[in-house]
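As structure tokens, the structure follows; a few thoughts come after it.
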Amino acid sequence: MNILITGGGTGGHLKIAKVIKEELNKKGIKPIYVGSTKGADKEWFAQDEGFSEKYFLDSSGVVNKKGLGKINSLSNIIKLSFEAKKIIKKHNVKAVFSVGGYSAAPASFGAIFSNTPLFIHEQNAHIGSLNKILKPFSKKFFNTFLYNDPYPVEDKFFERARIRKELKTIIFLGGSQGAVAINDFAIRIAPLLKQKNIKIIHQSGKRDFERVKNFYEKNSIEADVFDFDKNLIEKIEKADFAISRAGASTLFELAANQIPTLFVPYPYAAGDHQYHNAKFLADKNAALVIRQNELKIEILDKILNLNLEEMSKNLKNVNKKEGAKYIADRILI
Ligand SMILES: CC(=O)N[C@H]1[C@@H](OP(=O)(O)OP(=O)(O)OC[C@H]2O[C@@H](n3ccc(=O)[nH]c3=O)[C@H](O)[C@@H]2O)O[C@H](CO)[C@@H](O)[C@@H]1O
Numbered sequence: 003m004n005i006l007i008t009g010g011g012t013g014g015h016l017k018i019a020k021v022i023k024e025e026l027n028k029k030g031i032k033p034i035y036v037g038s039t040k041g042a043d044k045e046w047f048a049q050d051e052g053f054s055e056k057y058f059l060d061s062s063g064v065v066n067k068k069g070l071g072k073i074n075s076l077s078n079i080i081k082l083s084f085e086a087k088k089i090i091k092k093h094n095v096k097a098v099f100s101v102g103g104y105s106a107a108p109a110s111f112g113a114i115f116s117n118t119p120l121f122i123h124e125q126n127a128h129i130g131s132l133n134k135i136l137k138p139f140s141k142k143f144f145n146t147f148l149y150n151d152p153y154p155v156e157d158k159f160f161e162r163a164r165i166r167k168e169l170k171t172i173i174f175l176g177g178s179q180g181a182v183a184i185n186d187f188a189i190r191i192a193p194l195l196k197q198k199n200i201k202i203i204h205q206s207g208k209r210d211f212e213r214v215k216n217f218y219e220k221n222s223i224e225a226d227v228f229d230f231d232k233n234l235i236e237k238i239e240k241a242d243f244a245i246s247r248a249g250a251s252t253l254f255e256l257a258a259n260q261i262p263t264l265f266v267p268y269p270y271a272a273g274d275h276q277y278h279n280a281k282f283l284a285d286k287n288a289a290l291v292i293r294q295n296e297l298k299i300e301i302l303d304k305i306l307n308l309n310l311e312e313m314s315k316n317l318k319n320v321n322k323k324e325g326a327k328y329i330a331d332r333i334l335i
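If you count the sequence shown from 1, position 277 lands on 279 in the numbering used here, and the numbers rise without skipping.
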């Protein structure tokens with residue numbers, strides 16, 4: 003059965019595409035991928051043997067453009083949708099699965115134009131603009147916040163979960179691209195963490211890697227600094243507390259691993275969705291959330307006095323295992 007997976011741009015969307023592809027591979031199916039020449043799509047999937055075919059179309063975002071730019075990208079998407087429709091026909095695709103982002107637009111419209119069932123995974127607590135348009139045309143719309151669908155994360159985040167009791171190691175996470183605000187905060191509290199013998203693991207993102215690495219070196223503070231690590235669980239499992247952006251995949255991976263977290267939502271996310279993602283956990287007393295402009299050094303005292311065990315236990319049933327299987331089974335019906 004030929005399945006087409008589409009969408010990407012950032013790690014958050016691409017991660018869902020990856021886990022669903024792996025689930026389909028387990029079932030002996032090699033899906034087709036349709037992404038964009040822009041964003042991180044090629045980086046993630048150009049060499050991926052788990053897809054039978056890969057197409058990278060020249061799609062780009064519409065939402066942030068104005069005037070003529072908006073009209074041009076809209077007409078480009080319409081043109082590409084017909085190209086995607088041809089791909090769907092050529093491979094006799096039985097279902098299209100979209101993980102969102104601008105690179106999902108052509109194949110999603112292509113599915114509608116060719117009457118091919120369209121399945122959508124919306125990662126966030128606030129529905130993205132493309133998904134709002136597509137939702138009424140979809141056969142199924144998966145979302146954890148609205149419908150309690152299990153959020154697909156790799157099994158290893160659950161398998162290596164543990165209850166945290168004491169803060170011996172802290173991890174800083176900036177999402178797939180890194181977060182300067184979190185890096186700055188880490189740098190401010192690092193000397194205090196050193197004084198308290200708390201070990202530091204720090205994902206800085208590519209753009210800020212040199213600055214962050216140099217800081218720790220110059221100040222003789224031991225820290226495991228990296229820009230991006232494909233096997234993030236290896237880092238997360240060692241830590242007892244995280245300070246992180248609230249991108250949906252990161253959030254549900256941290257929850258699956260039961261690591262208490264202070265979320266610092268990206269303030270410019272569409273519809274403030276990272277804040278709403280984090281609030282979902284905070285309302286269950288399973289995480290803390292703070293606005294970026296409130297990220298002050300005093301918050302460290304609060305962290306040091308937290309009941310980590312209680313928060314860690316409260317994360318137990320936030321997400322369910324086998325989210326990828328849940329979705330794949332419904333696409334394959
Ligand atoms: C700035 C922005 O708009 N960000 C959005 C983007 O975030 P972003 O792209 O940061 O996405 P997420 O936080 O959802 O996911 C990041 C993924 O990258 C992985 N990872 C990260 C660091 C690393 O070193 N190694 C690694 O593998 C994580 O394990 C995770 O699976 O998509 C998310 C899902 O739609 C949204 O919720 C976010 O709001």
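Note that CB positions come from ideal geometry on N, CA and C, so glycine has one too.
All figures in this text were calculated on a predicted structure; none of them were measured in a lab.
Requested in this report: Answer yes or no: do Ile34 and Phe159 have a C-beta to C-beta separation smaller than 8 Å?
Outcome: Along the sequence shown, read from residue 1 onward, the residue named residue 34 stands at position 32. Along the sequence shown, read from residue 1 onward, the residue named residue 159 stands at position 157. Result no, Cβ atoms of Ile34 and Phe159 do not sit closer than 8 Å.
Query raised in the report: Looking at Lys170 and Asp242, is the spacing between their C-beta atoms short of 8 Å?
Result: Taking the sequence shown and counting its residues from 1, one reaches residue 242 at position 240. Taking the sequence shown and counting its residues from 1, one reaches residue 170 at position 168. In contact: Asp242 and Lys170 (Cβ atoms closer than 8 Å).
**Report entry** Ala86 versus Gly112: straight-line alpha-carbon distance, rounded
**Finding:** For the purposes of this step, residue 86 is identified with residue 84 of the sequence shown, where counting begins at 1. For the purposes of this step, residue 112 is identified with residue 110 of the sequence shown, where counting begins at 1. C-alpha separation (whole angstroms): 5 Å.
**Report entry** Through-space distance from Met313 to Asn259, alpha-carbon basis
**Finding:** Taking the sequence shown and counting its residues from 1, one reaches residue 259 at position 257. Taking the sequence shown and counting its residues from 1, one reaches residue 313 at position 311. Cα to Cα, Asn259 sits roughly 12 Å from Met313.
Query raised in the report: What's the C-alpha gap between Ser131 and Ser54?
Result: Here residue 131 corresponds to residue number 129 of the sequence shown, with the count starting at 1. Here residue 54 corresponds to residue number 52 of the sequence shown, with the count starting at 1. Distance between the alpha carbons of Ser131 and Ser54 is about 30 Å.
Query raised in the report: Does the beta-carbon of Ala108 have 16 or more other beta-carbons within 10 angstroms, so that it is buried, or is it exposed?
Result: By 1-based counting over the sequence shown, the position of residue 108 is 106. Per the sequence presented here, residue 108 reads as Pro, with Ala not at that position. Pro108 comes out buried.
**Report entry** Range of the contiguous alpha helix (DSSP H) that encloses Ser77
**Finding:** Position 75 of the sequence shown, counted from the first residue, corresponds to residue 77. Start and end: 69 to 92.
**Report entry** Within 8 Å, strictly: CB atoms of Leu308 and Lys167
**Finding:** For the purposes of this step, residue 308 is identified with residue 306 of the sequence shown, where counting begins at 1. For the purposes of this step, residue 167 is identified with residue 165 of the sequence shown, where counting begins at 1. Contact flag unset, no.
Query - Gln125 Cβ short of 7 Å to ligand 1 heavy atom set - result: Locating residue 125 in the sequence shown gives position 123, where the first residue counts as 1. Flag set: Cβ of Gln125 near ligand 1.
Query - Buried versus exposed, by CB contacts within 10 Å (16 or more), Gln197 - result: Taking the first residue of the sequence shown as position 1, residue 197 is located at position 195. Exposed.
Requested in this report: Please list, in chain order, all residues of the same chain as Asp60 whose beta carbon is under 6 Å from its beta carbon, the five residues on each side excluded.
Outcome: Your numbering for residue 60 matches position 58 in the sequence shown. Thr39.
Query raised in the report: Under three-state DSSP, which class holds Asp43?
Result: Translated into positions along the sequence shown, residue 43 becomes position 41. Note: Asp43 maps to helix in three-state DSSP.
Query raised in the report: If we ignore side chains and look at the alpha-carbon of each, how far apart do Asn321 and Pro152 end up?
Result: The count along the sequence shown starts at 1 and reaches residue 321 at position 319. The count along the sequence shown starts at 1 and reaches residue 152 at position 150. Roughly 6 Å separates the two Cα atoms.
**Report entry** Reduced DSSP category for Leu286 - H, G, I as helix; E, B as strand; rest coil
**Finding:** Against the sequence shown, residue 286 aligns to sequence position 284. Residue identity check: residue 286 is Lys in the sequence provided, not Leu. Residue state, collapsed to three classes: coil.
Query raised in the report: How many Å lie between Gly30 and Ile333 at the Cα?
Result: As a working mapping, residue 30 is identified with position 28 in the sequence shown. As a working mapping, residue 333 is identified with position 331 in the sequence shown. Looking at the two C-alpha atoms, the distance is approximately 14 Å.
**Report entry** Limits of the unbroken beta strand (DSSP E) element including Leu26
**Finding:** Counting from one through the sequence shown, the residue named residue 26 turns up at place 24. Leu26 -> not in any beta strand (DSSP E); alpha helix (DSSP H) instead, spanning 13 to 28.
Report task. Using only the heavy atoms of ligand 1, determine whether one of them is closer than 7 Å to the beta carbon of Arg293. Result -> Residue numbering aside, residue 293 sits at position 291 when the sequence shown is read from its first letter. Because no heavy atom of ligand 1 lies under 7 Å away, the Cβ of Arg293 does not count as near it: no.
Query raised in the report: Quick check: the stretch 263 to 277 against the stretch 122 to 138, are there 3 or more CB pairs under 8 Å?
Result: yes
Query raised in the report: Unbroken alpha helix (DSSP H) runs of length 4 or more, entirely within the stretch 173 to 199: which are they?
Result: 182 to 197
Requested in this report: Inspect the beta-carbon positions of Ala188 and Tyr268 and report whether they are closer than 8 Å.
Outcome: Translated into the one-based positions of the sequence shown, residue 188 becomes position 186. Translated into the one-based positions of the sequence shown, residue 268 becomes position 266. Contact flag unset, no.
Report task. Please determine, among Tyr57, Lys32, Glu51, the residue with the shortest C-alpha to C-alpha distance to Thr8. Result -> Indexing the sequence shown from 1 puts residue 8 at position 6. It is Tyr57.
Query raised in the report: How long is the line joining the alpha carbons of Lys408 and Ala106, rounded to whole angstroms?
Result: For residue 408 there is no data in the structure shown, the boundaries of the chain being 3 and 335.
Requested in this report: Within the same chain, show all residues whose beta-carbon is closer than 7 Å to that of Ile292, passing over the 5 residues directly before and after it, in chain order.
Outcome: The residue labelled residue 292 in the question sits at position 290 within the sequence shown. These residues qualify, in order along the chain: Leu264, Val266, Ile301.
Requested in this report: Since I believe Gly103 is in contact with Ile249 (beta carbons under 8 Å), could you give me their beta-carbon distance rounded to a whole number of angstroms?
Outcome: Counting from 1 along the sequence shown, the entry for residue 249 is found at position 247. Counting from 1 along the sequence shown, the entry for residue 103 is found at position 101. Reading off the sequence shown, one finds Gly at residue 249, where the question assumed Ile. Not a contact, Cβ separation roughly 12 Å.
Query raised in the report: Hey, Gly52 and Glu24: beta-carbon distance below 8 Å or not?
Result: Within the sequence shown, residue 52 is the residue found at index 50, counting from 1. Within the sequence shown, residue 24 is the residue found at index 22, counting from 1. Result yes, Cβ atoms of Gly52 and Glu24 sit closer than 8 Å.
Query raised in the report: With distances taken from CA atoms, which of Ala163, Ser206, Lys201 is nearest Ser178?
Result: Here residue 178 is taken as the residue at index 176 of the sequence shown, counted from 1. When each option's Cα is compared against that of Ser178, the closest is Ser206.
Query - Coil, strand or helix - Glu124 by DSSP - result: For this step, residue 124 is matched to residue 122 along the sequence shown. Glu124 falls in the coil class under three-state DSSP.
Query raised in the report: Exposed or buried, which one is Asn133 when buried takes at least 16 other CB atoms within 10 Å?
Result: What you label residue 133 is simply residue 131 of the sequence shown in a count that begins at 1. It is buried - the Cβ of Asn133 has at least 16 other Cβ atoms within 10 Å.
Query - Endpoints, the beta strand (DSSP E) within which Leu59 is located - result: As a first step, residue 59 must be located in the sequence shown, where it is residue number 57. Element bounds for Leu59: 55 to 59.
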